[in-house]
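Written out below as structure tokens is the structure these notes cover.
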Amino acid sequence: MTVVTQTLIATDIKGVLFDLDGTLVDTAPDLIAALNMSLESFDHPQVSLQTMRHVASNGSLALAQAALPGATDTQHRAVQQGLLDSYARVNGNHCQLFDGVGGLLDYLDTNGIPYGIVTNKAAKYTRPLIQALSLTQRMKTVISGDSTQFSKPHTAPMLLAAQQLNCQVHEILYLGDAERDLVAAADSAMLGGIAQWGYIDDVTHTHSWPGQFSFESPTAIIDFFIESISNRPI
Numbered sequence: 079m080t081v082v083t084q085t086l087i088a089t090d091i092k093g094v095l096f097d098l099d100g101t102l103v104d105t106a107p108d109l110i111a112a113l114n115m116s117l118e119s120f121d122h123p124q125v126s127l128q129t130m131r132h133v134a135s136n137g138s139l140a141l142a143q144a145a146l147p148g149a150t151d152t153q154h155r156a157v158q159q160g161l162l163d164s165y166a167r168v169n170g171n172h173c174q175l176f177d178g179v180g181g182l183l184d185y186l187d188t189n190g191i192p193y194g195i196v197t198n199k200a201a202k203y204t205r206p207l208i209q210a211l212s213l214t215q216r217m218k219t220v221i222s223g224d225s226t227q228f229s230k231p232h233t234a235p236m237l238l239a240a241q242q243l244n245c246q247v248h249e250i251l252y253l254g255d256a257e258r259d260l261v262a263a264a265d266s267a268m269l270g271g272i273a274q275w276g277y278i279d280d281v282t283h284t285h286s287w288p289g290q291f292s293f294e295s296p297t298a299i300i301d302f303f304i305e306s307i308s309n310r311p312i
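Residue 79 is where the sequence shown starts when you use our numbering, and the numbers rise one by one after that.
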């Protein structure tokens, strides 16, 4: 299902930006593997991918906190650092594009719509990951969490991406699976689209997030473009 909360057609969209973890790429298997390597090194119980999947978009510290809810901040920070050290070794091993994302990128390529990534993941993890997925040459821009002084929900990385995409902010659709993604899009005057296929659990109320669109799947975005074009006044 595609929910549109204001009158707009897809032909107004000249560029698309993606969050990385939980929107473009299913990175949870690698992140949870790295988390378990860290937990094991500190003799903590390991966790399952299923129970931790919904936390994967929230960063390494959030994963450590979710895995050890009763631990101290010092313990969380130690597990976080162990996760990051381990992630550098497993990054890209088991991740893949979400179902339908490949087709969406093909559609954007075919129709001359530039696209890129704005993520809070550090560049030293982002670049090898997109290279492993053969995405480097396809992206018009890749903005990592350390590309500017700020990370999402700040507007700085969003505005830099818009500049590199060579699009006006109001012509860009930004897709993400976390509230900060939609806040960043709204504060940057971009169109916001909730990626419902991402790491969103059953208790998260996305209807309270800013954003003009909610897409159940990447395929729904293609359908939105096609439907808008077919219904465009002549």
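Cβ coordinates follow ideal geometry from the N, Cα and C atoms, glycine included.
Under three-state DSSP, which class holds Gly254?
For the purposes of this step, residue 254 is identified with residue 176 of the sequence shown, where counting begins at 1. Looking at Gly254 - three-state DSSP - the assignment turns out to be strand.
Since Ala264 contacts Pro288 with CB under 8 Å, what's their CB separation in whole angstroms?
The residue labelled residue 264 in the question sits at position 186 within the sequence shown. The residue labelled residue 288 in the question sits at position 210 within the sequence shown. Yes, they are in contact, since the Cβ atoms of Ala264 and Pro288 sit about 4 Å apart, within 8 Å.
When you compare the CB positions of Val94 and Tyr193, do they come within less than 8 Å of one another, or not?
The count along the sequence shown starts at 1 and reaches residue 94 at position 16. The count along the sequence shown starts at 1 and reaches residue 193 at position 115. A Cβ-Cβ contact shorter than 8 Å links Val94 with Tyr193.
Are Ala144 and Val157 close, meaning C-beta to C-beta below 8 Å?
Against the sequence shown, residue 144 aligns to sequence position 66. Against the sequence shown, residue 157 aligns to sequence position 79. No; because the gap between Cβ atoms is not below 8 Å, this pair is not in contact.
Span of the beta strand (DSSP E) holding Ser292?
Residue mapping note: residue 292 aligns to position 214 of the sequence shown, counting from 1. 291-293 is the extent of the beta strand (DSSP E) around Ser292.
Whole angstroms is fine: what's the gap from Val220's alpha carbon to Asp97's?
As a position in the sequence shown, residue 220 is number 142, starting the count at 1. As a position in the sequence shown, residue 97 is number 19, starting the count at 1. The C-alpha of Val220 lies about 10 Å from the C-alpha of Asp97.
Cut-off 6 Å between Cβ atoms - residues of its own chain near Ile91, not counting five sequence neighbours on either side:
Locating residue 91 in the sequence shown gives position 13, counting from the first residue. So the qualifying residues of the chain are Leu251.
Whose C-beta lies closer than 6 Å to the C-beta of Lys218 among residues of the same chain, with five residues either side of it excluded?
The residue you call residue 218 lines up with position 140 of the sequence shown. Result list for Lys218: Pro192, Gly194, Leu243, in chain order.
Looking only at its own chain, which residues have a Cβ that is under 8 Å from the Cβ of Thr297, when we skip the five neighbours before and after it?
Translated into positions along the sequence shown, residue 297 becomes position 219. Counting only residues of its own chain and dropping the five nearest sequence neighbours on each side, Thr297 has a CB closer than 8 Å to the CB of Gly178, Gly181, Leu182.
Does DSSP put Tyr185 in a helix, in a strand, or in coil?
In the sequence shown, the residue the question calls residue 185 occupies position 107. Three-state result, Tyr185: helix.
Simplified DSSP state of Tyr203, which is helix, strand or coil:
Counting from 1 along the sequence shown, the entry for residue 203 is found at position 125. If DSSP states are grouped into helix, strand and coil, Tyr203 belongs with the helices.
Answer with buried or exposed for Thr189, where buried requires no fewer than 16 other C-beta atoms within 10 angstroms of its C-beta.
Walking along the sequence shown from the start, residue 189 turns up at place 111. Reading the sequence as shown, one finds Asn at residue 189 and not Thr. Result: exposed.
Exposed unless 16 or more other CB atoms sit within 10 angstroms - verdict on Gln227:
Working through the sequence shown from its first residue, we reach residue 227 at position 149. Around the beta carbon of Gln227, a 10 Å sphere encloses fewer than 16 other beta carbons of the protein chains shown; the residue is thus reported as exposed.
With DSSP as the reference, please indicate the residues paired to Ala273 in a beta bridge.
Within the sequence shown, numbered from 1, the residue matching residue 273 stands at position 195. In the DSSP output, where bridge partners are listed per residue, Ala273 has Phe293.
In whole angstroms, give me the CA-to-CA distance for His285 and Thr233.
The residue you call residue 285 lines up with position 207 of the sequence shown. The residue you call residue 233 lines up with position 155 of the sequence shown. So the alpha carbons of these two residues sit roughly 22 Å apart.
Where does Leu162 sit, in a helix, a strand or coil, going by DSSP?
Locating residue 162 in the sequence shown gives position 84, where the first residue counts as 1. In this structure, Leu162 counts as helix in the three-state DSSP scheme.
If I measure Cβ to Cβ from Ala134 and keep anything under 8 Å in the same chain, skipping five residues before and after, which residues do I get?
Here residue 134 refers to the residue found at position 56 of the sequence shown. Excluding sequence neighbours, Ala134 sits near Asp99, Gly100, Thr105, Ala106, Leu109, Ile110, Leu141, Tyr277.
Alpha-carbon spacing of Asn169 relative to Asp255, whole angstroms:
For the purposes of this step, residue 169 is identified with residue 91 of the sequence shown, where counting begins at 1. For the purposes of this step, residue 255 is identified with residue 177 of the sequence shown, where counting begins at 1. Cα to Cα, Asn169 sits roughly 20 Å from Asp255.
Could you please give the first and the last residue of the uninterrupted alpha helix (DSSP H) stretch that includes Ile110?
Taking the sequence shown and counting its residues from 1, the one referred to as residue 110 is at position 32. Residues 106-119.
Is it right to say Asp318 is buried, meaning 16 or more other beta carbons lie within 10 angstroms of its own, or is it exposed?
The structure shown has nothing for residue 318, since the chain only spans 79 to 312.
For Arg238, the first and last residue of its enclosing alpha helix (DSSP H)
Here residue 238 corresponds to residue number 160 of the sequence shown, with the count starting at 1. According to the sequence shown, residue 238 is Leu rather than Arg. Its alpha helix (DSSP H) spans residues 234-243.
Provide the residue(s) that pair with Thr219 in DSSP beta bridges, ordered along the chain.
The residue given as residue 219 occupies position 141 in the sequence shown. Looking at the DSSP assignment, Thr219 forms a beta bridge with Gly194.
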